[in-house]
Amino acid sequence: MSSSFYSPVLAQLVPYLPGEQPKIERLVKLNTNENPYPPSPRVVAAITQAAQQGLQLYPDPESSALRQAIATQLGLAEQHVFVGNGSDEVLAHAFFAFFQQSHPLLMPDISYSFYQVYCRLYGISAQTVPLREGLRLAVADYGLAPGQSVAGVVVANPNAPTGIGLPLADIEQLLQLHPTSVVLVDEAYVDFGGQSAVPLIARYPNLLVVHTLSKSRSLAGLRIGYACGQTHLIEALTRVKNSFNSYPLDRLAIAGGVAALDDTAYFERTRQQVMSSREGLVLALEDLGFEVLPSQANFVFARHPLFDAATLAAGLRSHGVLVRHFKQPRIEQYLRISVGTPQQCDALLQALAQLLMPGGAPQ
Ligand SMILES: *Cc1c(COP(=O)(O)O)cnc(C)c1O
1 MSSSFYSPVL
11 AQLVPYLPGE
21 QPKIERLVKL
31 NTNENPYPPS
41 PRVVAAITQA
51 AQQGLQLYPD
61 PESSALRQAI
71 ATQLGLAEQH
81 VFVGNGSDEV
91 LAHAFFAFFQ
101 QSHPLLMPDI
111 SYSFYQVYCR
121 LYGISAQTVP
131 LREGLRLAVA
141 DYGLAPGQSV
151 AGVVVANPNA
161 PTGIGLPLAD
171 IEQLLQLHPT
181 SVVLVDEAYV
191 DFGGQSAVPL
201 IARYPNLLVV
211 HTLSKSRSLA
221 GLRIGYACGQ
231 THLIEALTRV
241 KNSFNSYPLD
251 RLAIAGGVAA
261 LDDTAYFERT
271 RQQVMSSREG
281 LVLALEDLGF
291 EVLPSQANFV
301 FARHPLFDAA
311 TLAAGLRSHG
321 VLVRHFKQPR
331 IEQYLRISVG
341 TPQQCDALLQ
351 ALAQLLMPGG
361 APQ
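Last residue of the sequence shown: 363 in UniProt numbering, with the numbers rising by one and none dropped.
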């Protein structure tokens with residue numbers, strides 16, 4: 001749709017397409033990488049308490065209590081932490097603050113598709129670097145040719161939607177290849193087995209690490225994300241935020257976020273459960289003939305050599321199981337499947353077993 005009221009920039013926008021949030025319940029929802037477990041009970045208690053006092057007042061514009069809780073957890077100081085309304089908002093502010101330059105931003109050709117959306121929103125040119133064989137990222141491909149300049153680099157680690165993680169040494173090499181640009185490492189899935197770059201922050205003024213409470217803390221519905229980096233980067237993000245919305249996190253989110261971060265035992269238990277279900281899911285998918293990429297995330301990326309992925313996704317949906325399929329070159333034969341509870345994984349595997357039987361699905 002277009003209209004003569006639209007600005008030229010608006011006419012150019014191609015928005016991000018989120019995975020389906022079905023209106024019908026009972027579906028086995030393995031399509032948007034939410035945590036299959038509810039948040040810690042302490043989160044609900046903290047939100048209930050916060051709702052009973054002070055909702056007529058604006059929240060703390062600095063979200064100090066939450067930033068302090070995050071900093072404590074990571075061994076940083078509060079001034080090294082920026083929080084936003086989901087990590088998507090944090091990413092958007094970072095793109096605006098650091099990558100709106102005359103040079104292109106480097107990113108893998110297969111990665112979180114929101115990066116390209118922000119590029120169009122802010123007029124940033126994206127230069128994609130193809131992943132290699134097996135959808136693996138090779139840091140050597142990110143070096144600069146003589147005379148070449150870039151606005152920065154953005155990678156997801158573990159990558160989405162492949163689930164493949166990079167070792168810390170690779171991230172360090174990326175930081176050294178681009179000492180004068182911001183290297184943004186989106187660690188949305190790091191708590192499911194990845195290696196975090198947070199310990200490198202003290203040594204690299206160009207490193208910005210972004211995390212979310214949506215996945216490993218089961219809080220996709222509360223919208224909390226954050227960035228960690230040296231003070232000059234955090235101040236830049238704060239300047240953008242205070243030019244956009246002084247109160248991106250409401251009182252309930254701040255209270256719930258602090259409670260989630262405090263309940264370390266619950267966090268450890270649920271993330272271990274997800275990782276252990278993932279290992280079982282990978283083996284069972286391989287038994288069904290799928291090729292599964294090595295995942296360090298709460299999802300797996302898999303393809304079947306004999307069955308079309310779009311057809312399988314549609315077949316699964318008719319069995320009440322939602323998975324994500326991307327109609328995108330190089331990955332259109334893959335399915336991205338979030339790791340559910342053991343019961344949800346069983347439901348997926350049973351539906352797949354039926355679809356893969358002779359006559360089970362058109363090929
Ligand atoms: C889920 C996800 C996000 C967004 O998380 P929110 O905090 O819910 O906005 C960011 N990056 C990647 C790679 C993700 O998968």
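Just so it is clear, CB atoms sit at the ideal spot from N, CA and C, and this is done for glycine as well.
From residue i to residue j, what does the alpha carbon distance come to, in whole angstroms?
i	j	result
residue 48	residue 353	43 Å
residue 157	residue 303	21 Å
residue 259	residue 345	29 Å
residue 320	residue 310	15 Å
residue 296	residue 137	14 Å
residue 248	residue 350	42 Å
residue 125	residue 99	9 Å
residue 59	residue 250	6 Å
residue 328	residue 167	27 Å
residue 253	residue 91	19 Å
residue 78	residue 234	10 Å
residue 205	residue 1	43 Å
residue 65	residue 228	16 Å
residue 128	residue 333	21 Å
residue 275	residue 165	14 Å
residue 196	residue 301	21 Å
residue 291	residue 123	38 Å
residue 150	residue 132	21 Å
residue 177	residue 130	18 Å
residue 28	residue 341	10 Å
Mark residue i as exposed unless 16 or more other C-beta atoms lie within 10 angstroms of its C-beta, in which case mark it buried.
i	result
residue 215	buried
residue 10	exposed
residue 57	exposed
residue 145	exposed
residue 6	exposed
residue 26	exposed
residue 232	exposed
residue 347	buried
residue 13	exposed
residue 264	exposed
residue 87	buried
residue 18	exposed
residue 82	buried
residue 208	buried
residue 39	buried
residue 96	buried
Tell me which residue opens and which closes the beta strand (DSSP E) that residue i is part of.
i	result
residue 152	152 to 156
residue 49	Premise fails: residue 49 lies in the alpha helix (DSSP H), 41 to 51, not in any beta strand (DSSP E).
residue 107	105 to 108
residue 129	126 to 129
residue 183	182 to 186
Kindly indicate the opening and closing residues of the alpha helix (DSSP H) around residue i.
i	result
residue 144	Segment: none, residue 144 is in no alpha helix (DSSP H) and carries neither H nor E.
residue 1	Careful: residue 1 lies outside any alpha helix (DSSP H) and carries neither H nor E.
residue 204	Residue 204 -> no alpha helix (DSSP H), and no H or E assigned at all.
residue 265	264 to 287
residue 220	No alpha helix (DSSP H) holds residue 220; DSSP gives it neither H nor E.
residue 311	309 to 318
residue 32	Here residue 32 belongs to no alpha helix (DSSP H), and DSSP marks it neither H nor E.
residue 120	114 to 122
residue 8	8 to 12
residue 170	168 to 177
residue 162	Taken as a continuous stretch (DSSP letters only), residue 162 belongs to no alpha helix (DSSP H), as it is neither H nor E.
In terms of DSSP beta bridges, what is residue i paired with?
i	result
residue 58	Bridge partners of residue 58: none, in fact.
residue 324	336
residue 84	225
residue 299	338
residue 20	Residue 20 pairs with nothing; no bridge assigned.
Cβ of residue i within 7 Å of any heavy atom in ligand 2?
i	result
residue 88	Looking at this structure, you won't find ligand 2 anywhere; what it does contain is ligand 1.
Q.
Measuring CB atoms only, is the segment 258 to 278 touching the segment 109 to 123, in the sense that at least three cross pairs come out at less than 8 Å?
A. no
- request: Specify whether the segment 196 to 203 and the segment 168 to 179 touch according to this definition: at least 3 beta carbon pairs, one from each stretch, less than 8 Å apart.
  value: yes
Would you be able to state if there are at least three C-beta pairs under 8 Å between the segment 30 to 38 and the segment 204 to 221? yes
For this session: Would you be able to state if there are at least three C-beta pairs under 8 Å between the segment 80 to 95 and the segment 114 to 131?
Result: Yes, since at least three Cβ pairs between the segment 114 to 131 and the segment 80 to 95 fall closer than 8 Å, the two stretches touch.
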